Every structure is written in structure tokens, then in C-alpha cells.
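Worksheet for the structure shown next.
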Amino acid sequence: MINGLILIKATAATSPSILKEAKGMKEVKDAYMVFGRFDIVVFLEAEDFPRLKDLAKKISSIKGIKSTETLPQGD
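According to my numbering, the sequence shown is numbered sequentially starting from 125.
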């Protein structure tokens with residue numbers, strides 16, 4: 125298993141629906157709206173790196189997302 129974070133920039137109006145959609149994915153372990161450079165942080169767990177990459181693409185395609193940054197676990 126590999127853990128990862130996806131940092132999301134979104135509009136204030138779309139953040140609640142993005143959060144709800146992300147939380148509906150089985151690999152998403154938690155997600156929060158945050159203050160700062162990013163608007164949402166998604167914590168996920170995938171079987172392997174290719175699956176993590178697929179999930180990052182799926183999440184980044186959610187309507188209302190301006191940009192994402194994916195941070196895979198480093199250890």
C-alpha cells in the first residue's frame with residue numbers, strides 16, 4: 125500500500141461539492157477544507173503507485189478544481 129496527499133485549489137463556491145465527491149471514493153481516507161495556498165487536502169491509500177496516479181487524475185478531473193498537487197508517501 126502507498127499513502128498520498130492531494131492538495132487542491134478550488135473556488136469557494138465549488139469546494140463543498142468537491143469535498144463531498146472526493147470523500148465518496150473508497151481509497152480516500154479523509155479530506156478537509158483548509159486555509160492557505162490550497163483549499164482542500166485529500167488523504168488517500170492506494171494499492172500501488174500506478175493506482176495512486178490514476179486516483180490523482182480522477183480527483184483532478186472533478187468539476188471546479190483549478191489545480192492539484194500530489195504528494196506520495198516518501199518512506
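For glycine and all other residues, C-beta sits at the position ideal for the given N, C-alpha and C.
Computed from a predicted model, the values in this text were never measured in an experiment.
Quick one: measure Cβ to Cβ for residue i and residue j, integer angstroms, because I've assumed they're closer than 8 Å.
i, j, result
"E169", "E151", "6 Å"
"I142", "A134", "5 Å"
Once you ignore the five residues that flank residue i on each side, which residues in its own chain have a CB closer than 7 Å to its CB?
i, result
"P140", "none"
"M157", "S139, L143, D163, I164"
In this structure, how does DSSP classify residue i when only helix, strand and coil are distinguished?
i, result
"E145", "helix"
"S191", "strand"
"I202", "Nothing about residue 202 can be read from this structure; the chain reaches only from 125 to 199."
"F159", "coil"
"D172", "coil"
"D178", "helix"
Grab me the residues of residue i's own chain with a C-beta within less than 8 Å of its C-beta, minus the 5 sequence neighbours each way, in chain order.
i, result
"L195", "G128, L129, I130, L131"
"K182", "M149"
"F173", "I126, P196"
"A137", "G188"
"A180", "G128, I130, T192, T194"
Within the same chain, show all residues whose beta-carbon is closer than 6 Å to that of residue i, passing over the 5 residues directly before and after it, in chain order.
i, result
"K147", "A155"
"R175", "none"
"E145", "I186"
"S184", "T192"
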